[in-house]
Structure formats: structure tokens, C-alpha cells
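Enquirer: Mind looking over this structure? Questions follow.
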Amino acid sequence: MHMNPVDYRTLQSVAKPGRYIGGEINEVVKPDHEVHTRFALAFPDTYEIGMSHAGIKILYHTLNSIPGVWAQRVFAPWHDMADALLEGGIGLYSLEEKRPLRLFDVVGFSLLYELSYTTVLRMLKLGGIPLHAAERKSGDPIVVAGGTCTVNPSPILDFFDLIVIGEGEEVVEEMAAVCTKTRDRSERIAAMAEIEGVYRPGADTRPRRRILKNLDSRPFPSRLVLPHVSIVHDRIGIEVARGCTRGCRFCQAGMIYRPYRERSFESVMETLGDALAATGYDTIAMLALSITDLSYINTIMESISCPSREVSIGIPSLRAEGITKKVADFISSVRKPGFTMAPEAATPRLREVINKGNTEEDLFRSLSIIKEMGWKSLKLYFMTGLPTERDEDVEAICTLSRAIAAQFRGNLTISVSGFIPKPFTPFQWQEQIAPRAHEEVIKYLQANLRHRNITLRWQDPSLTFLEGIFSRGDEKLSRVVEAAESAGAYLDGWGDSFNARAWKDAFEKTGIEPLSYLAGRSRDHPLPWEFIDSRVERSFLLGEEQRAMHGSPTSDCRSDGCTGCGVCTGDISNIVYQESAPQPLFHASPGQEPAPYVVGLTKEDELRFISPRDYLEMVKRAIRRSGLKAVYTRGYSPAMKLSMTPPPAFGIASLSEYVQLDLREPLEPAEVLQRLGRCLPKGIRAVSCVQARLGRPYAFVYRTQRPFSLNIEPGQTIEKGGKDLLVSDYLAYYDDSTMTILIRDGRTISPVAILDAFSGDALSAWEVTKVETLFGK
Ligand code: SF4
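The opening position of the sequence shown corresponds to residue 1 in this note's numbering, with each subsequent residue numbered one higher.
Shown next as C-alpha cells:
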């Protein structure tokens, strides 16, 4: 295990230290002598967001499958950790090897959101890498950008040596091959710039968006790294299809991920089976831009339906017309999360403009299905500021929402975001509404959408404003990004982190008028991003814009024939499979008399900084990976039956945790110990197992690393949860390095609280270890 350059004192002082320790299950570690090239997969957002991103999982797996190449993860530290890294002179490091960012061969940033640009700059600064490509020299890493934002890289060209446009899995493999052949930085950059889909800023070339022709040529990874802390999407999220040909005219993903390509049913099923075994997750999500368009949706739903409900299925946002009784039936047969639909516009006219293709009848028909299936909560997405929007379209959001609320009767959330005319969409030349007009719409909706069952949510107009500026920005904006970062902008996508002042100052300092970027654009001149060949023809986009203005529909090329966007050429085309016979992934298991076991576990090293909830989740996943057949609770959402002794306070290590585990299949305790022990992450050991029921603990014994002395007067108290607890009621014994603290009426006191209050030489939590749990007879 590589040493963390950040000490325990620092880890204890920051929020969620589990973000910074690495060593997770399925993390890839390679011996130094076998590695010739190191890639840093840098994600300009926090661990919880980056670890949820499917693209990072694909690239991590692709690169680490290559002998001699080691891809490691680097996420943006939260403000407190960023300050600690700076103050400690430590610098940003990777999770796997704890290697400083500046010592990688290639640092690749995934850019999925324009508001992450200042975070990229801060990460470069923290990593000790010169900000501008022009300032980097031999010995510096090659800094590469990829991800959706690179379809318009103009505002960030100065900061990158190379830009990857399009899908990255083949590109990174080819980059790794270049690194195998040469060590010289300039030679590497020159050779990488020759790869299809790679652009070298300043070069007089027309880079073409890279497309992976057949997703089955690269099965989705199954050995997913299991996060230490709960993340945004804590589940097996498997990409079942890429691209969409519905042709919604506002949707950038629908244009820049064409053509539509499915993974085969067999490939998806194989990955799912492997991923369940490799991770121990109990939630599966199928990822696609429009999941109900999957040709084998019914087959796969039947196949992954878990009769015991021990594994749940997540379904992302659905098109209203995609909800058939069968789909709703399936979703309700698994767990019942909130249902989400995206009508986007509230009037038939505006839906025709955006080519949404669904009608109010579709919406109400779907509504009655989900209501009948017992859903209690529904979320609807709308946009404001769409081309040709009139007052009546905004008013209609209120009328339609109220009509839906009246029929649905459950909790209805209306989520409204501002339209951004994105590059390479038919609306790329259109005007974006100014923040003030956007705010007016929100105020109107707040005033007119008052209903006891409706909750209105909206995206901050300032964020939409900035996203719009940078989406359609030019090279001048790189100065603004730099000035904003210098003024303190960092992790801008987080509401509590957004620094509006820094952005205002940055625009003023650089003399750039932000509102000018919202204006409609001339169709007679190239746009700042049109030096890129997105493969979607400009004439198609112009034609679609015209059709929008006339409210003319454009059909789905999958079902109604090619509509001439220009993407499909040679062997690039839509890939759609047929329905096949279902292959059940789960089987009902016969019930047996449960056998109870008490397993002794530890919580050591950096895992002392993991919350009790995350610790318990780690243990549950280890049990599932081990193949031990745990007993689940009954009811609609079964949960693994697992009870444990009260966990130690944050930062305290433990050699004495106990869990009660009931198994449906009786085994020798030694086998339970061995099977579970093999599957636990570093920092947790299984140290004992007996066939018994967990007793009631009455005290814990703690040992400290350094000796301490206490000065406690009779009658002294410690405040806990609003109550003053008499210390003498709890502290049963102490000497200069141990303490025995009682549990009374389900309450106990932390040894750190006692040390803090009564020791002349206060110790930190990380210097304390729970060494024994005393059970009553
Ligand atoms: S080229 Fe034709 S078939 Fe291919 S994605 Fe475009 S519209 Fe569809």
C-alpha cells in the first residue's frame, strides 16, 4: 500500500476524508518495475461525482488492461483539502500510488460541464503543472482534454497540449501505444496529434469526432472500483446503448453521440453477472439516453428481475411515450423509486418546435399507468427560453402541472432549467435568454405554481448563464477562466461553492462583455467550434432549424429511414438488436432455518475515517461478494439483516467490532470467516466468527498511542445530544493509556470527548483505538 502524503491530523480535519485515501476494492495497483507509462485520469469535480461517471470507469479499465500502462484516478479536492494541500506543500496526488500529478506522463481531464474549467486550472496549480501548454517543457506531463465539452474547446485551448474529440476508448489506447514507442514529450505530442479525433491547439487541421463503431468490441467494465464513501450513483451503472436518433432539436447529446448503438443483450448480461460478483452492489442501473428505446428492453427487464427483490433496478429519466404497461409493471415489480419524465415544453406547439414528438395524450396515458402501479412521487422536467417561446408557453407549465397534480395526487416535482443553445445542435445559432429574463420566469412560476402537492425546483440562472457563455465561447474566454480562478472560483457547479463575485470581477478585469455571448449568431460565418468536424452536416442542422420554425416534425431514422444527418458512412451506422429469449439472472432460493453468526471485525488504518454508515455498507458488499447467503428482511424493500455493536466515533480505529450475520445456508464458522475475510477491503480484517447471537455490550475499552493524564473533579459532566452526562457514570476505569467506558441506557461517551475536556495533553481521535468490547452475561 502506498503511503498517503497527507497525515492523519489533516485527514481528521477535512470533510469526508474517505475521498482522499484510495485503496478501494477493485482499485488497480501495478508493481513499479512493470510500469513504463502512467496516465492520470483527472476529474474536475469531487470524488462522489467522478466515481459515478461511466466514462472514467471505461477509460480506467481500458488503460489498465494494457501491460506497462497504469491509469490512476485524481479528483478535485474539496476546498478544505485543497487548502491543506497548499499549506502543507503537498500538492495534488493520485489515489492509487499517491503520486504527485506533475510526475505522470499524461494527465487527461474529463470535461463534462463548462463550469468545471476553473477547477481544471486549480487542479493543475495544485499538481504543480504549468497552466499554459506553451509554458510546459520536457519532463512535464502531456495535458489532454476529453469529454462532451471538447466539441467546443475554444475557451480552453490555451491550457491543453491535446484535445480529444469524441469517444475516447480507442484514442487512449492509441495514445498509450505512442508512449510505448517514445519517451520524448515533443515526439509523443506530435505522434498523438496524428490520431483520429485528436486536435493539437494551433494546428491547421480539421479534427473529426471519433466514434466507436461497435460497443460490443469493448464490453462495459465489470470490476468497478467500490467507493469508500457513498457517491452520487452508488450502483452498477451499465451503459446499454450510446446515441439517440429521436432528433430533439435542443439536445446536444442526441446530435454528438450519433449514431445509435446498442450493446448486445448477451454482452450486457455477461457484464451484469460479473459486476454483481465483483462488487457486491445491490442496485443495477441501465444507462442510455432514452432507455425505453432499447430494442430488447422487455427481455432484459424480465431477465434482471430479482424474485426476492434483494437487487433493485434503477431506471433513469423516461420519455413519456416510452412507458408501456409492461415497462411500468417491471419497474413496480422491483423497488419503487420516484418516477421521472421529461416533456421539456408544456404546449403542443413548442414541443413541435423542439421535435419532442410526444403529445399530451402520451403524458396523461403514462400518468394513469404509473398512478395505477402505485407510484407516489413524480418529477417532470421543463425548459424555459426555448426558441419561439411565448408567454403562453410559460403559463402552460403551470396549467399542465396543475392538471397533472390533480390526476396524479402524489408528490409532484416540477424542475425547470434554462435552455442553452449548444454547439452542433439545430439551435446553435439561436439566442439564449439573459439571466434577468430567466429570473422573471422563475418568479412567475413561483407565484403561479402554488399547489400543496407541487414542489418547484429550478437551476440557478447565474449557472445557466455561465454555462451558455462557455458552451458557445471563443478563445478570448480563456483569459476569463484564468482570472476567475485567480479570484477564487473553484468547484463552480456546487451551489455552496459558486463564487459569483469572482466571475463578475473576471469579466470586468478582462474587459469582456458576457451578455454578448448570448446573442443569436450569424449563419453566414463559421462559429468558433466549426473547425471541428462533428460528422453531423451543417446543412442538416440548418434544415432542422428551419423545420423547427415551421413546427415540422423530423422522424426517428431508426424506424422511419435516414433523415440525412450525415453521420453514417462506410461501416458506421445505427446498431439495433432483436428481442431474444430472457435469461433470468436471479433465481428464487429455497428458504432454510437461518443460522446466526457473530463475526469480529476491525476498522484500521485510514478506514478509521470512514463513517459508520459507509463501514456497514462495505461489510454488506463484502458479504455479497463472498457468496455467503445472508438473510434479508421481508417486505417491499428487503434489506440484508445485519446488526452491529455501536461503532466508534469518527477517527477512532477499532480492533473490536462485531456484526450479527444470519445465513440461509449453515456453514462452519471457520469457513464463514475465511470467505468473508477474502472479500474485505484493506483496513478491515475478519478476526473471529462463532455461531451465536450477538449479545448486548456494556462497555468499550480504548487504548491510546501516547500516555495521558486526566483531571476529573466529582460531579463533572460532558454534554451530549443536548444532555449533560455525569462522567463518573460512564468512565469505569482509566490508567495512563487505557479507558473503560460504560454504555448506560444505550448512551456512551466518546473517549476523545473525555480527553478533550479533562486531559492536560489532549490526544486526537486517530491516536485512540477501541481494543475490546465487553458483553453482559
Ligand atoms: S446518417 Fe441517417 S441513419 Fe445515420 S444517424 Fe444520421 S439520420 Fe440516422
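Beta carbons are placed, not taken as given, at the ideal position from N, Cα and C, and that holds for glycine.
Just so you know, these numbers come straight off a predicted model, no measurement behind them.
Using alpha carbons as the reference points, say which of A686, P141 and P646 lies closest to F775.
Expert: Closest by alpha carbon: P646.
Enquirer: Spatial neighbours of T425 within its chain, please: CB distance less than 6 Å, with the 5 preceding and 5 following residues excluded, ordered by chain position.
Expert: Within the same chain, T425 has close Cβ partners Q252 and M255.
Enquirer: Which residues in the same chain as R102 place their Cβ atom closer than 6 Å to its Cβ, once the five residues preceding and following it in sequence are excluded?
Expert: G127, G128 and I129, listed in sequence order.
Enquirer: Could you name the residues that DSSP lists as bridge partners for M301?
Expert: According to DSSP, M301 bridges with nothing at all.
Enquirer: Could you tell me how far apart the beta carbons of A15 and P44 are, in whole angstroms, since I believe they sit closer than 8 Å?
Expert: With a Cβ gap of about 19 Å, A15 and P44 do not count as contacting.
Enquirer: Mind reading off the beta-carbon distance from G197 to G166? Whole number of angstroms is fine, and I expect it under 8 Å.
Expert: So it is a contact: roughly 5 Å between Cβ atoms.
Enquirer: Let's see if you can read the secondary structure: which residues bound the alpha helix (DSSP H) around Y615?
Expert: Y615 -> alpha helix (DSSP H) spans P612 to S626.
Enquirer: Can you check the stretch 505-564 for any alpha helix (DSSP H) of at least 4 residues that lies completely inside it and give the ranges in chain order?
Expert: Those alpha helix (DSSP H) runs which fall completely within the stretch 505-564 and span 4+ residues are 538-549 and 557-560.
Enquirer: What does the alpha-carbon distance come out to for the pair D571 and E173?
Expert: Rounded to whole angstroms, D571 to E173 spans 21 Å at the Cα level.
Enquirer: Excluding the five sequence neighbours on either side, which residues of its own chain have a C-beta within less than 8 Å of the C-beta of E187, listed in chain order?
Expert: Cβ within range, chain order: n/a, list empty.
Enquirer: Between S573 and the ligand SF4, is the CB less than 7 Å from at least one heavy atom?
Expert: Checking every heavy atom of the ligand SF4 against the Cβ of S573, one is found closer than 7 Å.
Enquirer: Give a single yes or no on whether R538 has its beta carbon closer than 7 Å to a heavy atom of the ligand SF4.
Expert: Outside the cutoff, so no.
Enquirer: Between which two residues does the alpha helix (DSSP H) harbouring Y370 extend?
Expert: One detail in the question is off: residue 370 reads as Ile in this sequence, not Tyr. Counting along the chain, the alpha helix (DSSP H) containing I370 begins and ends at E360 to E372.
Enquirer: Where M373 and P141 are concerned, what is the direct C-alpha to C-alpha distance, given to the nearest angstrom?
Expert: Using only the alpha carbons, I get a separation of about 55 Å.
Enquirer: Hey, would you say I454 sits closer than 8 Å to S401, going by beta carbons?
Expert: For I454 and S401, yes; Cβs fall inside 8 Å.
Enquirer: Taking C689 as part of the alpha helix (DSSP H), name the residues at either end of that continuous run.
Expert: It is not in any alpha helix (DSSP H) - C689 instead sits in the beta strand (DSSP E) that spans A686 to V690.
Enquirer: Could you say which of P612, A686, V171 and Y199 lies nearest to D158 if we only look at CA atoms?
Expert: For D158, the nearest C-alpha among the options comes from Y199.
Enquirer: Quick one: residues in its chain with C-beta nearer than 7 Å to the C-beta of T822, no 5 flanking neighbours on either side, listed in chain order?
Expert: This structure gives no information on residue 822, because the portion of the chain shown stretches from 1 to 777.
Enquirer: Under 8 Å, do R703 and T602 count as touching if we go by C-beta distance?
Expert: In this structure, T602 does not lie closer than 8 Å to R703 by Cβ.
Enquirer: When every heavy atom of the ligand SF4 is checked, does at least one fall within less than 7 Å of the C-beta of C565?
Expert: Yes, since a heavy atom of the ligand SF4 falls inside the 7 Å radius drawn around the Cβ of C565.
Enquirer: With respect to the beta strand (DSSP E) encompassing Q72, which residues constitute its N-terminal and C-terminal limits?
Expert: V69 to F75 is the extent of the beta strand (DSSP E) around Q72.
Enquirer: For R309, which option in T148, L63, Y490 and L585 has the closest C-alpha, if you only look at C-alpha atoms?
Expert: Here the closest residue by C-alpha is L585.
Enquirer: Tell me which residues share the same chain as R810 and place their Cβ nearer than 6 Å to its Cβ, disregarding the 5 neighbours each side in the sequence.
Expert: Look at the range of the chain in this structure, 1 to 777, and you will see that residue 810 is not part of it.
Enquirer: Taking a contact to mean a Cβ-Cβ separation below 8 Å, would you say I90 touches P17 in this structure?
Expert: No, they are not a contact pair.
Enquirer: With hydrogens ignored, establish whether the beta-carbon of R258 is closer than 7 Å to any heavy atom of the ligand SF4.
Expert: Yes, since a heavy atom of the ligand SF4 falls inside the 7 Å radius drawn around the Cβ of R258.
Enquirer: Buried or exposed: where does V672 fall if 16 or more other Cβ atoms within 10 Å of its Cβ makes it buried?
Expert: Classification of V672: buried, given that the 10 Å Cβ count is 16 or more.
Enquirer: Which residues in the same chain as R209 place their Cβ atom closer than 6 Å to its Cβ, once the five residues preceding and following it in sequence are excluded?
Expert: Hits under 6 Å: I165, G166, S534 and R535.
Enquirer: Which parts of the stretch 681-759 are runs of the beta strand (DSSP E), unbroken and 3 residues or longer, counting only runs that do not cross its ends?
Expert: For the stretch 681-759, whole beta strand (DSSP E) runs of length 3 or above, ordered along the chain, are 686-690, 697-704, 717-720, 723-726, 731-734 and 738-742.
Enquirer: Could you pull out every residue in the same chain whose Cβ sits closer than 6 Å to the Cβ of T10, ignoring the five residues on either side in sequence?
Expert: If we look at T10 and ignore the five residues flanking it on each side, its Cβ neighbours are A84.
Enquirer: What are the start and end residues of each continuous alpha helix (DSSP H) run of 4 or more residues lying completely inside the stretch 23-101, in chain order?
Expert: 47-50, 54-64 and 79-87, all fully within the stretch 23-101.
Enquirer: By the three-class DSSP mapping on this structure, what secondary structure does D393 have?
Expert: Reduced to three states, the DSSP call for D393 is helix.
Enquirer: How do the stretch 462-474 and the stretch 90-100 stand: do at least 3 beta-carbon pairs fall below 8 Å, yes or no?
Expert: No, the stretch 462-474 does not touch the stretch 90-100.
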